[in-house]
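This report refers to the structure that appears directly beneath it.
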Ligand code: SF4
Ligand code: FES
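Residue numbers (the numbering used here): 83 to 438.
What follows is the structure in structure tokens.
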């Protein structure tokens, strides 16, 4: 009986491609996997172009995990061109010279295909105006030559052909559909992890910036609206001898040092050091001799000569500092010791200097 063999005359992609890249790896001359689907390259519309690629196309179709690569074959008399090629061993494949390259005719350019595949890996050839050129890497060329050099029995079942190709090193069997899907799932998972990591970093940076801006505004708010309290360190002042403050009912001004020395006679036989800071919001009241009161210019709080508040929004009396006489007989005011009326601290002997 005369020899015959099958050649593929037409190949197409049925709906359902999952864009796994397997077919382009198996037969890049025919299959072009884009971002969304798999396309047949324009030259593959020509039967003469398809003929020598028949084994590769069959391998790609059998490796398609969703079985959407379809083709038509015709039976041709004679022996398959690739039937008598030697079966390469691993060593022979490594050292044997590569079989002569099969020259395949290029398909005439098809304007419709060119328009559809303007982003594909096929680019118009500069040297052949009526043809297209496939830019392939040396690795792909080597793989193609190896595929063609494998001797395939004409009546070998598909599984055996694939096994022989695999033994020859020309074809890496595709994983199961589950493996491929898991592989894609892992890629998607890795991408999702990377995306979550970037999102977490961006979130942390965003919160840090918001916290920084918040602290900045809080500081500005406090500085603008907060009490205008003097921030200098408290100090100890020697202010003079007790007899220098002997006039009853008199206020002696030591505002630059932060207090007044007040002679509370005749009501009380005491010299006290009153803080000049208004207990409302920190302004500095003035002593009004005619009214015999301290009056705050900011919101109108008023204090008696003792420091007790009696008008305006202030909630409590002025504070007093510790007063004592040192070894040389001078009065000393210590601003580090504060006495508050509402806490009953004005009874403390340190809060005044007794006179007369
Ligand atoms: S092997 Fe099948 S599913 Fe994968 S890209 Fe090719 S046609 Fe699509
Ligand atoms: S700060 Fe003195 S009354 Fe408001």
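For glycine and all other residues, C-beta sits at the position ideal for the given N, C-alpha and C. What you are looking at is a predicted structure, and each value in this text was computed from that prediction instead of being measured.
Please state if the CB of residue 387 and the CB of residue 333 are separated by a distance shorter than 8 angstroms. Closer than 8 angstroms, so yes.
Can you grab the Cα-Cα spacing for the pair residue 376 / residue 416, in whole Å? Taking the CA atoms as reference points, residue 376 sits about 22 angstroms from residue 416.
Measuring CA to CA, which of 380, 431, 382, 394 is closest to residue 403? Closest by alpha carbon: 431.
Going by DSSP, what residue range makes up the alpha helix (DSSP H) through residue 148? For residue 148, no alpha helix (DSSP H) encloses it, and the DSSP letter there is neither H nor E.
I want to check one thing, is the minimum distance from the CB of residue 159 to the heavy atoms of the ligand SF4 below 7 angstroms? Checking every heavy atom of the ligand SF4 against the Cβ of residue 159, none is found closer than 7 angstroms.
Could you compute how far the alpha carbon of residue 336 sits from the alpha carbon of residue 342? Spanning the two alpha carbons is a distance of roughly 5 angstroms.
Flag residue 284 as yes when its Cβ comes closer than 7 angstroms to any non-hydrogen atom of the ligand COA, and as no otherwise. Because the ligand COA does not appear in the structure shown, any question about it cannot be addressed here, the ligands present being the ligand SF4 and the ligand FES.
Name the two residues that bound the continuous alpha helix (DSSP H) containing residue 412. Where residue 412 is concerned, there is no enclosing alpha helix (DSSP H), given that its DSSP letter is neither H nor E.
Skipping 5 residues on each side, what residues in its chain have a beta carbon closer than 7 angstroms to that of residue 158? Contacts found: 86, 87, 89.
Own chain, CB closer than 8 angstroms to residue 424, minus 5 neighbours either side, in chain order: Once the five neighbours on either side are set aside, the close Cβ partners of residue 424 are 398, 399.
To which residues of the same chain is residue 382 closer than 6 angstroms at the C-beta, ignoring the five residues directly before and after it? Correct list, in chain order: 394.
Tell me residue 356's beta-bridge partners as DSSP assigns them. Partner(s): 342, 402.
Where residue 101 and residue 95 are concerned, what is the direct C-alpha to C-alpha distance, given to the nearest angstrom? About 11 angstroms.
Look up residue 397 in the DSSP assignment and say whether it is helix, strand or coil. DSSP, reduced to helix, strand and coil, places residue 397 outside both helices and strands of the structure shown, so it counts as coil.
Along the chain, where does the beta strand (DSSP E) that runs through residue 105 open and close? Note, residue 105: premise wrong, no beta strand (DSSP E); alpha helix (DSSP H) at 104 to 108.
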